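Below: one structure, written as structure tokens.
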Amino acid sequence: MNTSEDTAGLSRAIGSAAFVLALRERGVRDTAVLRAMEQVPREHFAPPHLREHARRDIALPLPHGQTMTAPSVAAAMLGALDVQAGARVLEVGTGSGYVTALLVRLGAGHVRSLERYATLARAARDRLGANLNDATVEAADGLGPGGSERQRFDRILINGAVATVPPHCLAALNPGGRLVAGLWSGSTCRLVTLNRDGEGAPTRLDGPVLRLGPMTPGRARVS
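UniProt numbering numbers the first residue of the sequence shown as 1 and each following residue consecutively.
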């Protein structure tokens with residue numbers, strides 16, 4: 001028996017349980033999302049010098065001025081998205097790849113994730129590893145019309161705050177599909193869920209105010 005490995009495994013399990021308990025105390029109630037967050041280690045996706053803070057409910061800085069969304073905010077968005085088993089999901093804004101991994105863990109049939117910074121996309125692919133069997137990470141402008149051209153999705157997650165939901169994203173949503181985003185309203189960002197019940201215009205449901213970083217359109221010029 002390897003005592004050091006057993007001790008490390010026990011420590012990780014205790015840390016995961018405490019992490020989930022803290023999220024429950026902050027109002028996260030979706031059991032599927034909590035289970036996924038317990039199973040996907042956030043520290044694996046955090047920058048190495050910030051891993052000690054990965055189990056705190058705070059956003060963490062990433063290269064190029066981007067951020068790793070706070071766990072409670074990511075949980076709110078994923079809960080609203082309500083990923084169904086086998087769903088085809090478009091994620092706009094890969095960031096660290098943490099939410100991508102959560103989408104896979106939640107049962108998505110395939111996740112297509114678009115990231116405007118090529119370096120972040122490469123790093124996310126490396127971190128996801130075996131999960132790439134169920135996910136594709138691309139360096140692309142998810143807010144531009146070419147990001148989801150000629151494809152349809154059951155779920156679309158805009159992983160940040162936008163002033164308006166791009167029309168091409170709505171056009172890429174299957175009947176019965178759902179889009180979740182952070183939408184600027186005055187000086188605040190609010191969680192917005194758009195449900196497409198048929199071929200017509202989707203219905204909108206406004207959720208709580210969130211602290212989300214703004215999404216920038218266009219493919220980044222830096223690598």
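Think of the CB as a built atom: it goes at the ideal place given N, C-alpha and C, for glycine as much as any other residue. These numbers were taken from a predicted model, which means no experiment stands behind them.
Identity of the residues DSSP links to Pro214 by a beta bridge: Ala161
CB-CB length for Arg211 against Ala70, believed under 8 Å: 7 Å
Rounded to the nearest angstrom, what separates Pro61 and Val137 at their Cα positions? Taking the straight line from one Cα to the other gives about 20 Å.
Ser96 by DSSP, collapsed to three states: which one? coil
Gly182 bridges to which residues according to DSSP? Ala161, Leu191
CB of Leu170 within 8 Å of CB of Leu157, strictly: The answer is no: Cβ separation not under 8 Å.
Whole-number beta carbon distance between Leu90 and Ala172, since they are thought to touch under 8 Å: Indeed, because the Cβ distance is near 7 Å, the residues count as touching under 8 Å.
Buried or exposed for Val33, going by 16 or more other Cβ atoms inside 10 Å? By the neighbour-count rule (16 or more Cβ atoms within 10 Å), Val33 is buried.
Short check: CB of Asn153 to CB of Arg51, under 8 Å? One point to set straight first is that residue 153 is Phe, not Asn, in the sequence displayed. Going by C-beta atoms, Phe153 is not nearer than 8 Å to Arg51.
Alpha-carbon spacing of Asp197 relative to Leu191, whole angstroms: 19 Å
Distance, Ala101 Cα to Val111 Cα: 9 Å
DSSP state of Glu199, grouped into three classes? coil
Identify the residues that DSSP records as bridge partners of Ala135: which are they? Answer by DSSP bridge pairing, in chain order: Val111.
Does the count of Cβ pairs from the stretch 206-221 and the stretch 104-121 closer than 8 Å reach three? Cβ pair count under 8 Å is three or more, so yes.
Can you grab the Cα-Cα spacing for the pair Gly47 / Arg55, in whole Å? Correcting the residue type first, residue 47 is Pro in the shown sequence and not Gly. In a straight line, the C-alpha of Pro47 is about 13 Å away from that of Arg55.
Between the alpha carbons of Ala76 and Arg35, how many angstroms are there, rounded? Rounded to whole angstroms, Ala76 to Arg35 spans 14 Å at the Cα level.
In angstroms, rounded to a whole number, what distance separates the CA positions of Val20 and Asp57? So the alpha carbons of these two residues sit roughly 10 Å apart.
Would you tell me roughly how many angstroms separate the C-alpha atoms of Arg122 and Gln66, rounded to the nearest one? 15 Å
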